Each structure stands twice: as structure tokens, then as C-alpha cells.
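Visitor: Dropping a structure here in C-alpha cells format, bear with me for questions.
Residue numbers (our numbering): 126 to 301.
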């Protein structure tokens, strides 16, 4: 099985099949990240498509000596940030009811716990929220999160620690 970096070299040369392989490998994880970030199926689908368009159009900027995973999640993170900025300028927000109605439907207890956790995560500042989602929901390493967001590893660790402390306090205070 060819590495992601090898496939990206092929994508740079215009190999559509290589891009398809990468899409099959990463679309589900990217969609999950985008859905948890936006809390909207439509936005997640749109941003997923935009992510792959950016991968194809910006393939030449990919450094094959670095890992593909943080690079592609970085693209997705930037698109999420851009979406939130546009919405902020337009003074649009999603209501809590819309957020809860659009969450995935896993096992009932798991669904309730995930909804409860996501409800607390959504209240974090954006820079902390993105780190929590990438680290805990997408399983990226500290180094990969740092590379995805273009910040130092120490910054990721610090923000992650602060976010976890805040989440613990909020979770303990919330009625269950």
C-alpha cells in the first residue's frame, strides 16, 4: 500500500486515482472532524468537498518530507475557521436545538455522553475547541495538531491543558 506522501507526489503530477485513494483513506475522518466542528451535516459535506478541492489545487505546496495527515487536517481547520469568520461577520449562529438535532445517532448512552461533551466543547474559545477536536476526537498527535494549526507544540499543550481544566470544571458543575 503506497504511503500518503507517495500518493501526493502522484497527485502533483495529475494522477486522479492517487487523489481518489487519499479521499477513501481520509474522507470519513475528515467528515467526522468537520461535523463535530460545525455541528451541521450540510456544512461538513461542503467543507469536505472544499478540502479535497484545496488538496488538488494546492498539491504542489505539499512537502513530501512531511506527513500528509496534519497537512490535510490543517486545510480542513482553516476552512472551518473561514466559515466561522464569515458567519460571525453575517451575525449568524446555530441554535442549540439545531446542534442537538444534527448530532450522529450512535448508542443512546454514548449519544447522550457525546452530545453532553460536545455541548461543553462548543463553549470553548475557537482556538481551544479546534485543538480538543483534533486531539481527542480525531486522534492526531500533539505534533500533528501543531502542524495542522500552524502553532508551536508548546502552544498546543498549553491550550489543551487549559481546555481540559475548563471542561472538567464545566462538566462537574453541569446537572446530569
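Idealized CB from N, CA, C, for every residue including glycine. This structure is a prediction, so every number in the text was calculated from the model and none was measured.
To the nearest angstrom, how far is it from the Cα of residue 229 to the Cα of residue 133?
Guide: Reliability fails at residue 229, whose pLDDT of 40 lies under 50, so the model's placement of it is uncertain and the value that follows must be treated cautiously. Looking at the two C-alpha atoms, the distance is approximately 31 Å.
Visitor: Can you say whether residue 176 is buried or exposed, counting buried as having 16 or more other CB atoms within 10 angstroms of its CB?
Guide: By the 10 Å Cβ count, residue 176 comes out buried.
Visitor: Going residue by residue through the stretch 175–220, where are the continuous alpha helix (DSSP H) segments of at least 4 residues, counting only ones entirely within it?
Guide: If we require 4 residues or more, the alpha helix (DSSP H) runs fully inside the stretch 175–220 come out as 193–214.
Visitor: In terms of residue numbering, what span does the alpha helix (DSSP H) encompassing residue 147 cover?
Guide: Element bounds for residue 147: 141–163.
Visitor: Alpha carbon to alpha carbon, how far is residue 136 from residue 295? Give it in angstroms, no decimals.
Guide: Whole-angstrom Cα-Cα distance: 45 Å.
Visitor: According to DSSP, is residue 263 helix, strand or coil?
Guide: Three-state result, residue 263: coil.
Visitor: Assuming residue 288 is part of the alpha helix (DSSP H), what are its boundary residues?
Guide: Taken as a continuous stretch (DSSP letters only), the alpha helix (DSSP H) holding residue 288 covers 278–298.
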